[in-house]
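Using my numbering, you'd call the opening residue of the sequence shown number 8 and step up by one each time. So the structure is just underneath, and the comments pick up after that.
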Amino acid sequence: MTLRRPVIGLPTQTLHSIDGIPPALPESWVMNQRYFFATTVVGGVPWMIPLLEEDSATLREIYQRLDGILLPGGVDLDPRSYGEERHPRLGAVDQARDRVEMQLVRWAVEDLKPVLGLCRGAQIINVALGGTLYQDLEAQFPGALKHDYFPTAGFSRDYPAHEVTIAPGSRLLAVMERPRFMVNSMHHQGIRALAEGLVPSAVAPDGLIEGVEGPGEHFLIGVQWHPEMFEVVDPRTRQLFREFIVAAQDWRARAGPAQ
Ligand code: MN
8 MTLRRPVIGL
18 PTQTLHSIDG
28 IPPALPESWV
38 MNQRYFFATT
48 VVGGVPWMIP
58 LLEEDSATLR
68 EIYQRLDGIL
78 LPGGVDLDPR
88 SYGEERHPRL
98 GAVDQARDRV
108 EMQLVRWAVE
118 DLKPVLGLCR
128 GAQIINVALG
138 GTLYQDLEAQ
148 FPGALKHDYF
158 PTAGFSRDYP
168 AHEVTIAPGS
178 RLLAVMERPR
188 FMVNSMHHQG
198 IRALAEGLVP
208 SAVAPDGLIE
218 GVEGPGEHFL
228 IGVQWHPEMF
238 EVVDPRTRQL
248 FREFIVAAQD
258 WRARAGPAQ
């Protein structure tokens with residue numbers, strides 16, 4: 008029997024306006040193409056998830072048809088998700104996206120459905136499971152390296168910003184096969200208190216946690232960098248996406264066809 012290609016849900020983000028179109032028009036749900044290419048090249052079928060935050064029944068129906076969930080990068084998390092007021096240096100937020108993504112993570116953890124979180128996606132995993140964030144690393148994390156190599160400041164999206172050290176025994180080390188490597192860094196927020204139920208899998212030279220994963224058999228991995236920018240040139244990074252797809256296929260094989 009040929010298994011069908013795994014369906015990978017990608018939550019979208021709210022686009023408040025498009026150049027030349029007044030923002031009074033209805034908002035849009037969009038996502039960067041790189042995440043779709045990184046999913047398809049290893050055999051996944053990407054499926055965009057609308058931010059139906061107030062229609063939990065439909066969101067659940069979407070979720071049940073998915074074999075895995077890829078959480079892309081994006082704007083800051085609303086700190087009220089973890090019980091804090093907004094820091095003056097908080098950037099733009101997307102509350103509908105926060106709520107939808109955290110719901111998806113919680114469902115996936117219950118079902119052991121595979122999740123791969125990238126940048127903001129790693130932060131979402133942590134907050135969904137009870138952790139907190141630095142709202143702004145430079146302001147709140149003494150001794151922080153520069154992590155905000157943003158394209159808007161002239162840096163390329165694959166700029167090698169800093170090293171990460173990968174934890175011995177982690178699933179991430181098994182995939183990447185290197186205990187240290189350089190990553191890009193396009194974030195000004197970061198993991199502060201690690202959620203119970205997560206283990207750190209990667210750390211930056213300043214001590215910031217840049218990788219998290221679930222213990223045990225659940226494929227639940229978050230990385231603070233943007234591997235979708237390296238998968239074309241780095242076989243081990245592509246392997247991270249491939250193993251996510253394999254985990255999604257295995258999960259569906261165990262769970263049975265979507266109802
Ligand atoms: Mn970083």
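Beta carbons: idealized from backbone N, C-alpha and C, even for Gly.
*Please state if the CB of Gly138 and the CB of Ala200 are separated by a distance shorter than 7 Å.*
yes
*DSSP on Phe288, reduced to helix/strand/coil?*
Nothing about residue 288 can be read from this structure; the chain reaches only from 8 to 266.
_Which residue wins for smallest C-alpha separation from Pro53, given the options Leu123, Val116, Ser63 and Arg113?_
Leu123
*Roughly how many angstroms lie between the CA atoms of Trp258 and Arg249, to the nearest whole one?*
14 Å
*Since I believe Leu84 is in contact with Ile131 (beta carbons under 8 Å), could you give me their beta-carbon distance rounded to a whole number of angstroms?*
7 Å
*May I have the straight-line CA-CA distance separating Val100 from Cys126, to the nearest angstrom?*
15 Å
*Residue(s) in a DSSP beta bridge with Gly75*: Ile15
*For Glu250, which beta-bridge partners are listed by DSSP?*
None, per the DSSP bridge assignment.
*Is the beta carbon of Ser192 within less than 6 Å of some heavy atom of ligand 1?*
yes
*How would you label Glu92, buried or exposed, when you count the other beta carbons within 10 angstroms and need 16 or more for buried?*
exposed
_Near ligand 1: His195 beta-carbon under 6 Å from a heavy atom_ = no
*Using 8 Å as the Cβ pair cut-off and three pairs as the minimum, do the stretch 105-125 and the stretch 158-178 touch?*
no
*Cβ-based neighbour list, Gly288, same chain, cut-off 6 Å, excluding 5 preceding and 5 following*: Beyond the ends of the chain as shown, which are 8 and 266, falls residue 288; an answer cannot be given.
*In whole angstroms, what separates the C-alpha of Leu10 from that of Ala262?*
13 Å
*asked:* Pop quiz: Leu269 and Gln196 are said to be a contact at Cβ under 8 Å. What is the actual Cβ separation, rounded to whole angstroms?
replied: Residue 269 lies beyond the stretch modelled for the chain, which goes from 8 to 266, so this question has no answer here.
*Whole angstroms is fine: what's the gap from Glu108's alpha carbon to Val171's?*
26 Å
*Given a threshold of 16 other Cβ atoms within 10 Å of its Cβ, counted over all protein chains shown, does Val240 qualify as buried or as exposed?*
exposed
*Between the Cα of Glu60 and the Cα atoms of Arg178, Pro234, Ser88 and Arg104, which residue gives the shortest distance?*
Arg104
*Can you tell me whether DSSP reads Thr7 as helix, strand or coil?*
Not covered by the structure: residue 7. The range shown for the chain is 8 to 266.
*Are the CB atoms of Val219 and Leu205 nearer to each other than 7 Å?*
yes
*asked:* For Val14 and Gln246, I'd like the C-alpha separation in whole angstroms.
replied: 18 Å
*Near Ile252, which residues of its chain fall below 6 Å by C-beta distance, leaving aside the five closest residues on each side in sequence?*
Pro13, Val49, Gly50 and Gly51
*Buried or exposed: which applies to Arg178, given that a residue is buried once 16 or more other Cβ atoms fall within 10 Å of its Cβ?*
buried
*CB-CB under 7 Å to Ala135, same chain, minus the five flanking residues each way: which ones, in chain order?*
Met109, Val112 and Arg113
*From the DSSP output, which residues share a beta bridge with Leu125?*
Val230
*asked:* Whole angstroms are fine: how far does the CA of Pro57 sit from the CA of Glu68?
replied: 12 Å
*With DSSP as the reference, label Val82 as helix, strand or coil.*
coil
*How about Pro283 and Met38: are their beta carbons less than 7 Å apart?*
Since the first residue of the chain shown is 8 and the last is 266, residue 283 is not available in this structure.
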